[in-house]
Structures are given as structure tokens and as C-alpha cells.
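Reading through the C-alpha cells given below for one structure.
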Amino acid sequence: MGKDMSYEAVMGRNSEIMKKAIGMDYNEFETDGIAFDYERMMRETGYSLQEIEKIQNETGVGHTPIYELRNLTKLARKFAPEGKGARIFVKDEAANPSGSFKARRAATSCYHAKKLGYKGVIAATSGNYGAAVASQAAMRGLKCIVVQECYDSQGKGQPEIIEKARKCEAYGSEVVQLTVGPELFYTFLVLLEDTGYFNASLYTPFAIAGIETLGYELSMQFREMEDRDPDVVVVTNAGGGNLTGTARGLIKAGATETEVIGASVDLSGLHMASDTQFNRKSFTTGHTGFGIPFATWPDRSDVPRSAGRPLRYMDRYVTVNQGSVFYMTEALAQLEGLERGPAGSTSLAAAFKIAQELDQDQIVVVQETEYTGAGKHIMPQLTFAKENGIKILIGDPKKEVPGENIILPKDPSYISIQDIDLNKTKKSYIRNCIKNNRVDKISEEDLKFLVEDTKSNRKFVKEVLNELKIDY
Amino acid sequence: MDAKKGNWVRIHSIVLEAGKRAPSVPEDTQKAPLELWNKGFLLNESANIGEEVEIETYIGRKVKGTLIEVNPYYDHDFGKCIPELLYIGRQIRSLIEEDGE
Chain A
1 MGKDMSYEAV MGRNSEIMKK AIGMDYNEFE TDGIAFDYER MMRETGYSLQ
51 EIEKIQNETG VGHTPIYELR NLTKLARKFA PEGKGARIFV KDEAANPSGS
101 FKARRAATSC YHAKKLGYKG VIAATSGNYG AAVASQAAMR GLKCIVVQEC
151 YDSQGKGQPE IIEKARKCEA YGSEVVQLTV GPELFYTFLV LLEDTGYFNA
201 SLYTPFAIAG IETLGYELSM QFREMEDRDP DVVVVTNAGG GNLTGTARGL
251 IKAGATETEV IGASVDLSGL HMASDTQFNR KSFTTGHTGF GIPFATWPDR
301 SDVPRSAGRP LRYMDRYVTV NQGSVFYMTE ALAQLEGLER GPAGSTSLAA
351 AFKIAQELDQ DQIVVVQETE YTGAGKHIMP QLTFAKENGI KILIGDPKKE
401 VPGENIILPK DPSYISIQDI DLNKTKKSYI RNCIKNNRVD KISEEDLKFL
451 VEDTKSNRKF VKEVLNELKI DY
Chain B
1 MDAKKGNWVR IHSIVLEAGK RAPSVPEDTQ KAPLELWNKG FLLNESANIG
51 EEVEIETYIG RKVKGTLIEV NPYYDHDFGK CIPELLYIGR QIRSLIEEDG
101 E
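Listed in order, the protein sequences are those of chains A and B. Position one of the first sequence corresponds to residue 1 (this note's numbering), numbered consecutively onward. Position one of the second sequence corresponds to residue 1 (this note's numbering), numbered consecutively onward.
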């Protein structure tokens, strides 16, 4: 009552509001410099893998099936060099209660909120996570608010986001819809303060720990089916949580030889906070517009320290174009009899190409699928693209210009991946660490942290620091 | 009178006026206000579209805004025919059938 609700005042109360809304004090894990104790944060505020399995079993999350995509493998081999063309598998995460792997993240968040005595949960998301939180909140008897960035200034909304709003309401949730802009965070804070609900952020230790079961299950399923771990797991990358959780789960299973590859849809050139460009993209997540900024600065998320730290776990990072993802979504339905949502096919498009680099007896896994339905399907998404002036062409996807056209590959030989120079990304991350923490010198602890957080080595980090003229 | 107490309605409000957006926001977004939509049961005895009203959301929060719709519904669908997609299924099926391995 009588609180200053102006934009500046509410944003100024950010850390106070967050502390109440997450029920943990991130300062406990901070140091004076740029380092923080990530593993201790995960250990002390998260849950053990066994606890998470129990929590997820209570609400029907996890234990999703794995299918071998025999026909797609056969197709990939037609375009692979002699002896190449690894077996492609998919983990059908659409089988989770709310239709995506996000149920894993939401399950632990909602369990935690209930345990701490919160009456409800709030999530800021336009994606599958909203539906996941709404569904898990319903099971746990929690109230739920989902805040979406949904429309441009003309009131036009991506059909995929509209469908997500519908799904959240179906689970009894309140849906607050906004126009484009990062000030969504202001509305989010106002709601947290007003309700006293739990911030079911995508990036808390509980949320990320919830995905560890995916990586762990994957390893266990392959050991049972094939007597070994997969060679490569391809993960669609946006905010970095999916990749982090999956990789941590694989490590916990002992699958340390498995290569973890991130894949994002290439949306380079489109500004994510731009009103006029908002509806010129045909993917609302899993794209470089989130993937790159979150990799180079994960702590931009809605919690003080993100538990999703993709550079810590990523072995390789590739991009695919929008047209190839739509093509592969159609291929998954037509050749494998699995009709799923396009966003889940990002890693599939990458895997199709990666398989062609590997030997035939190797195994590549696409670690997620998502549900499909009205709005969230290649037809409405391409219809919407056309209505927004995007040309749909058939040709060479390399020529696709995000925001202008979508180029479907002329045939599967045209599906390609582009490698992102991870060293460059790691360098940007280190630069951001220096800049955002305003330091001109780093300690031994910071140096060790940077090595771990970039999955690199002392030599690499020192070279970058030398370039930046930072003492260590 | 467009709506009466207890009707399920949709409301709209302005969170931040154009020109008062966060400094980090791109120019085109600066020119637009930050708008908000929500739904709930009408608390006013009656109201017309365009009037300021108060609602109780599905989870029980009280929120104010401009009444814009009564009995709002979704009309997103499976889109129109996209002829550009029709080659894909035939192409890949014929590719894997070709040599009958």
C-alpha cells in the first residue's frame, strides 16, 4: 500500500522482490569478483537426482519413450559419404503431461513452491514452459499466472503464442498478455510483489535440476537398448537451460564421452525487442536471438544467477535455417509417423546433417519433441509468415534471410548446418563478465571460474584476458 | 449494455505510454505503448465496451482495465493450405524407396 509503483521504483526493488519470490539468497554463493560457486548453488538449493525422479514421478513427468528414426537414418545415408550416416534416435518429450520437456523444469519448481508454502507460481514465458507450469501447478493445487510477450503494436500475435495462452487457461491459469518489449519484466515484478507468489523462473537451480533426469534417462535407456551411451546428443538451445540440464544428467549417469551439441534456428539480423520485427520470425524460441545472448551472458535472465550455463557444457554449437526445420518437421510426420511441433525439430534438422558426418554404427540422439496443435504447427506458422510478408521459397536454405524469406531445402542434400565459432562466443562471455562486474583485475578464483564456465583451459582464458588488458 | 456482472470478459490497459519505454528498447518499440490484456469475471453491475471496469481473474485477482470483449474465444487454427510444402512427403518417400535396399 502506498508503494511507489513507477517503472524505476519497481525495477529498483528487483533484488528484494526476487529474494521473497524465490526463497533463496543468491548472495550466499557470490564472491567479491566475477566468480560464484555454481556447483555449491546447485547442490545446496537444488535436489538430488533421486529426489527429482521421485518428484517427477508424482506428477507423471519423464520416462518418455525413445524411437529410432529408421527411415530418416536411411534418408540421411543417401546423402552421406560412403560408410557414414549414424543412426538417428529421438526422445519423445511430447509425451510429458503438458506436451514438452518443460514439464521437467516446472515439476521441480512447483514442488519447491508448494514445499515452501507459496500459494501460487508465476512464470514469464511465451513458450511451452507456461503450459508446463500451469499443468504442474494444477496438479499441486497452486494458483498460476503466466505472463506472455504476445502481440505487436497492431495487436497481431504469433499463432504459436496464442495457442500457448489457450493451453495455460485450459489448466486454470491466469494469462497476462503484453506487447513486445523487455519491460515485461516490470509487469512480472509487479505481479510477484502483488501476489507474493513463487517465481517459477526457467533458470533457478530447481528448474535446471529438473532437466537432469532427461540426460540421465537418456543414458540409461541407451545402455538398456544398445548396451552403450549415445555418441552425440543434439539439444535445441535458447536460454541454455535445456542443454545445461541434459548435459549435467548425462555426466551424472557417467556418460562423459557423449558429445553435447547445441542447435539454434538462425534468426540473425532480427532484433528480439523490435515491435516491427516481432512477427517477422517464424520461431518464438530455440533461435539465435536467445541462444547467443544467453550463451554470452546467461545472467541476463529473471534470476540473479542463471543455473543454465550452456558454455560450461557445450562441445559444439550449430545453427540451422527456418526452412530446414519446417522441412524436417514434415519429414518426421511423413517418414516416421510422428506429427510434432516445429520448434522441437530444430535439433532434428541439425542431427540429420550431423549424422552424415558420423560412422554408420554411431548413435545421434535428438533429445526432445514438442506437442503440435492449432497455431503450433507448420501450416499456421507459415500462413502467419505469409500474412506478414515473408516469402516462402524452395531452393538453397543458405540464401535464407531471416525476416524476409523462408527457404525450404530443394531436396535433403540442401539441409546444412553452420558452426558457430565457440571460441568467439566464449571470448564474448569473458568480456561480458569483465564489463558487467566492472573489474580491471581478476583473482585466481575468478580465473578458475572462467575456465569452468567456458569449458576451456587456463591458457585460453589468459590469452583472452591479455587481449582485454586485464591483470590476473 | 454489453456486459453484466459475472460475465467472462477481456480487458486492455496501457502499462507504459509510448515515449516512456525502457531506454534499452529499440526505436520502433519506443514509439508504441506497452499494452496489456487480461481476462476475468466482470465485477461492475454492468458495462459497455470501451468503459473502465474491474474484473476478477480466474485465479481470483482483481484487475482494472478497459472492457474490450465479452465471452472472448480463441480462433487460431491450422492455417491455410501451404502448397509450397506439398513436395516434401513425396520427395522423401521416393528417395528412400528408390533402390529398395
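Note that the Cβ used here is the ideal one computed from N, Cα and C, for glycine as well.
Neighbour-count burial assignment, residue i, 16 or more Cβ in a 10 Å radius
i: T481/A; result: Residue 481/A lies beyond the stretch modelled for chain A, which goes from 1 to 472, so this question has no answer here.
i: Q381/A; result: buried
i: S173/A; result: buried
i: E101/B; result: The predicted position of E101/B is uncertain, since its pLDDT is 47 and thus under 50; no value can be drawn from it.
i: R438/A; result: exposed
i: M18/A; result: buried
i: N128/A; result: buried
i: L116/A; result: exposed
i: E35/B; result: buried
i: E257/A; result: exposed
i: C433/A; result: buried
i: D473/A; result: What the structure shows of chain A is the stretch from 1 to 472, and residue 473/A is not part of that stretch, so it cannot be assessed.
i: R90/B; result: exposed
i: S46/B; result: exposed
i: K448/A; result: exposed
i: M24/A; result: buried
i: L243/A; result: buried
i: R40/A; result: exposed
i: R458/A; result: exposed
i: P72/B; result: exposed
i: D361/A; result: exposed
i: P304/A; result: buried
i: K398/A; result: exposed
i: I49/B; result: exposed
i: E97/B; result: exposed
i: S94/B; result: exposed
i: N71/A; result: buried
i: D227/A; result: exposed
i: R43/A; result: exposed
i: D446/A; result: buried
Distance cut-off 7 Å: residue i Cβ against heavy atoms of the ligand ADP
i: R248/A; result: For the structure depicted, the ligand ADP is absent and the ligand set is empty, with no information on it obtainable.
Beta-carbon separation (whole angstroms), residue i vs residue j, contact threshold 8 Å
i: K102/A; j: A132/A; result: 4 Å
i: Q50/A; j: A107/A; result: Q50/A to A107/A, Cβ: 14 Å. No contact.
i: A80/A; j: Q356/A; result: 4 Å
i: V318/A; j: I420/A; result: 7 Å
i: P23/B; j: H271/A; result: Actually they do not touch by this definition, with Cβ atoms about 15 Å apart.
i: K455/A; j: R312/A; result: 6 Å
i: S126/A; j: C150/A; result: 6 Å
i: T246/A; j: L214/A; result: 5 Å
i: K80/B; j: T383/A; result: 5 Å
i: A32/B; j: D275/A; result: 5 Å
### Message
As an exercise, report each continuous beta strand (DSSP E) stretch of at least 3 residues that is fully enclosed by the region 129–187 of chain A, in chain order.
### Response
143–151 and 174–179
### Task
Residues of the region 26–45 of chain B with a CB closer than 7 Å to any CB of chain A: list them in chain order, please.
P26, D28, T29, A32, L34, E35, L36, W37 and N38
### Message
What ranges does the alpha helix (DSSP H) occupy inside the region 56–81 of chain A, keeping only unbroken runs of at least 4 residues that lie completely in it?
### Response
For the region 56–81 of chain A, whole alpha helix (DSSP H) runs of length 4 or above, ordered along the chain, are 70–78.
### the region 334–354 of chain A in contact with the region 29–43 of chain B per 3-pair CB rule at 8 Å
For the pair of segments examined, the region 334–354 of chain A was found not to touch the region 29–43 of chain B: the number of CB pairs separated by less than 8 Å stays below three.
### Query
What are the uninterrupted segments assigned as alpha helix (DSSP H) that are 4 or more residues long and contained completely in the region 12–79 of chain B, given in chain order?
Every unbroken stretch of the alpha helix (DSSP H) spanning 4 or more residues and falling wholly within the region 12–79 of chain B is given here in chain order: 27–30.
### Query
For the region 140–151 of chain A, which residues have a beta carbon sitting closer than 9 Å to at least one beta carbon of chain B?
Interface annotation for the region 140–151 of chain A against chain B: K143, C144, I145, C150 and Y151, criterion Cβ-Cβ distance under 9 Å.
### Start-end ranges of the alpha helix (DSSP H) lying completely within the region 263–318 of chain A, minimum 4 residues
288–296
#### Entry: Sequence ranges, alpha helix (DSSP H) only - wholly within the region 393–460 of chain A, length at least 4
422–436 and 444–453
#### Entry: Near-chain B residues of the region 320–335 of chain A - C-beta to any C-beta below 7 Å
Y327, E330, A331, Q334 and L335
### contact_flag[the region 424–433 of chain A, the region 285–300 of chain A] where n(CB pairs < 8 Å) is 3 or more
Yes, since at least three Cβ pairs between the region 424–433 of chain A and the region 285–300 of chain A fall closer than 8 Å, the two stretches touch.
### Task
Evaluate the contact criterion for the region 151–159 of chain A versus the region 195–211 of chain A: three or more CB pairs, one atom per stretch, below 8 Å.
no
### Task
Using a Cβ-Cβ cut-off of less than 8 Å, list which residues of the region 52–64 of chain B approach chain A; keep chain order.
T57, Y58, I59, G60 and R61
### Message
Counting only Cβ-Cβ distances shorter than 8 Å, please list the residues of the region 84–96 of chain B near chain A, keeping chain order.
### Response
E84, L85, Y87, I88, G89, Q91, I92, R93, L95 and I96
### Task
Note down, one range per segment and in chain order, each beta strand (DSSP E) of at least 3 residues found wholly within the region 314–396 of chain A.
316–320, 363–366 and 391–395
### Task
Can you give me, in chain order, the residues of the region 367–383 of chain A that have a beta carbon less than 8 Å from any beta carbon in chain B?
A374, G375, H377, I378, M379, P380, Q381, L382 and T383
### Query
Any contact of the region 213–222 of chain A with the region 62–73 of chain A, i.e. 3+ C-beta pairs under 8 Å?
yes
### Message
Can you pull out the residues from the region 186–214 of chain A whose beta carbon lies closer than 8 Å to at least one beta carbon of chain B?
### Response
Y186, T187, D194 and T195
### Task
Quick one: which residues of the region 390–402 of chain A get their C-beta closer than 8 Å to a C-beta of chain B? List them in chain order.
I392, L393 and I394
### Query
Hey, which unbroken runs of the beta strand (DSSP E) at 3 residues or more fall wholly within the region 202–268 of chain A?
Listed in chain order, the beta strand (DSSP E) runs fully inside the region 202–268 of chain A are 232–236 and 259–265, counting runs of at least 3 residues.
### Task
For the region 8–26 of chain B, enumerate the residues whose C-beta is nearer than 8 Å to any C-beta of chain A, in chain order.
V15, L16, K20, R21, A22, S24, V25 and P26
### Residues of the region 125–137 of chain A whose Cβ lies closer than 7 Å to any Cβ of chain B, in chain order
none
### Task
Decide if the region 82–90 of chain A is in contact with the region 277–292 of chain A; the criterion is three or more beta carbon pairs, one per stretch, under 8 Å apart.
no
### Query
If we count Cβ pairs, one from each stretch, closer than 8 Å, do we get three or more for the region 79–99 of chain B versus the region 408–417 of chain A?
The answer is yes - the region 408–417 of chain A touches the region 79–99 of chain B, with three or more Cβ pairs under 8 Å.
### Task
Would you list, in chain order, the members of the region 261–284 of chain A that have their beta-carbon closer than 7 Å to a beta-carbon of chain B?
H271, A273, S274, D275 and T276
### Message
Under 8 Å, CB to CB, which of the residues in the region 405–421 of chain A have a partner in chain B?
### Response
L408, D411 and P412
### Cβ pair count under 8 Å reaching 3, the region 55–63 of chain B against the region 459–468 of chain A
The region 55–63 of chain B vs the region 459–468 of chain A: no contact.
### Message
Against chain B, which members of the region 77–111 of chain A pass a CB distance test of less than 7 Å?
### Response
K78
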